[in-house]
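Below is one structure, written out as structure tokens; comments come after it.
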Amino acid sequence: MPLRDDRSHRTYEALRQEFPGKFDLVDISKWKPLSKSELLLAHTRSFVEALFDSKKSREKVIECFELYDSSGKPNRYNPSLAKKDLAEMVEDILLQGRGTAFSMKEALTEGISFFLGGGMHHAMADGGRGFCLINDLVIGIRKLQEENLVKKAWIIDIDAHKGDGTAALTCDDNSIKTLSIHMEKGWPLDIGSGEGPWRIPSDVDIPIPVKGEVQYLDKLEKGLTELREIHSEHINFAVVVAGADPYEKDALPSSNKIRLSLEQMLERDKLVYHFLKSRGIPQCWVMAGGYGPDSWQVYTQFISYLMREAE
Ligand SMILES: [Zn+2]
């Protein structure tokens, strides 16, 4: 949940110490939150209008972050302790969506970018869910397509949870192909989740069973090969939804059906990175899920690897 933890900050601080003078903060004071027309690239008009209506937008945030349970009691949320009004949260999230879009453009010029935020892969056309209010991934790619900077793109989702919003939003869009490697069981694929658009398959889905960690890297490699063999025509951009929640020290109970070691997490990231780099495909990485006090290690070790490789 990017809004509630300090993993971006810890990652940034750790990297700044390891590579003095190599990292500058981007000045975002002139950034504008994503606009209505940009949101419409992925979302329905009624949902977009609701986000700009202060009363309705509060409801949308409550739904998305499940801030009240079915009996109406606050859930993971104490209204009297909240630092921000829920409507203000919407603006923060739309600003974060701007960050993803900015970072995608950086990737096009630099070959690779890593945004310490973003990756809201559960958001559907008509509303947010699973802590993801808007689908910054699909919006960002479609913006680049509108500008004729990208023809076809891959979204490679290595978060512990299935990239279900992304799959649903792009299932009829031949210009965006998706791969998702995720927990075979658990949210959003458990029986309790019922039927809905979250069952729509990605172009390549790789379910990992409980205790399936030893096969994880092999299966990911096979999945990438399948993506390349079946869906590689005209691909000139990729987004990697690099959730840290498959890490064994991740604190979210709903991500504990995959428990990769820190070393396996680095192998995962290197596999995807070199797969794209060796094909000359610009790649934009986003944080997606990663919960608790240790998730920063996953992002930091990979960015640190990229820095050392570039030296
Ligand atoms: Zn996740």
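Just so it is clear: in the sequence shown, position 66 is 68 by the numbering used here, and no numbers are missing.
For glycine and all other residues, C-beta sits at the position ideal for the given N, C-alpha and C.
Owing to the predicted nature of the structure, the values given are computational and were not obtained by experimental measurement.
Exclusion of Gly167 from the 6 Å shell around ligand 1 follows from its C-beta lying no nearer than that to any non-hydrogen atom of the ligand. For Phe49, the uninterrupted alpha helix (DSSP H) run begins and ends at Arg47 to Leu53, by DSSP.
The nearest non-hydrogen atom of ligand 1 is less than 6 Å from the C-beta of Ala162.
At least one heavy atom of ligand 1 lies closer than 6 Å to the C-beta of Asp247. Around the Cβ of Gln285, a 10 Å sphere holds 16 or more other Cβ atoms; the residue is buried. Closest by C-alpha distance to Leu273, out of Phe49, Ile178 and Asp159, is Asp159.
Rounded to whole angstroms, the Cβ separation of Leu254 and Tyr293 is 4 Å, and the two are in contact under 8 Å.
By the C-beta density criterion, Glu112 is exposed, having fewer than 16 other C-beta atoms within 10 angstroms. Short note on Gly291: C-beta closer than 6 Å to some heavy atom of ligand 1. Residue environment: Thr172 is assigned as buried (16 or more neighbouring CB atoms within 10 Å of its CB, all protein chains considered).
Counting the other Cβ atoms within 10 Å of the Cβ of Val288 gives 16 or more, which makes it buried. Under the three-state reduction of DSSP, Lys154 is assigned to strand. When DSSP reads this structure, Ile183 sits in a beta bridge with Ile208.
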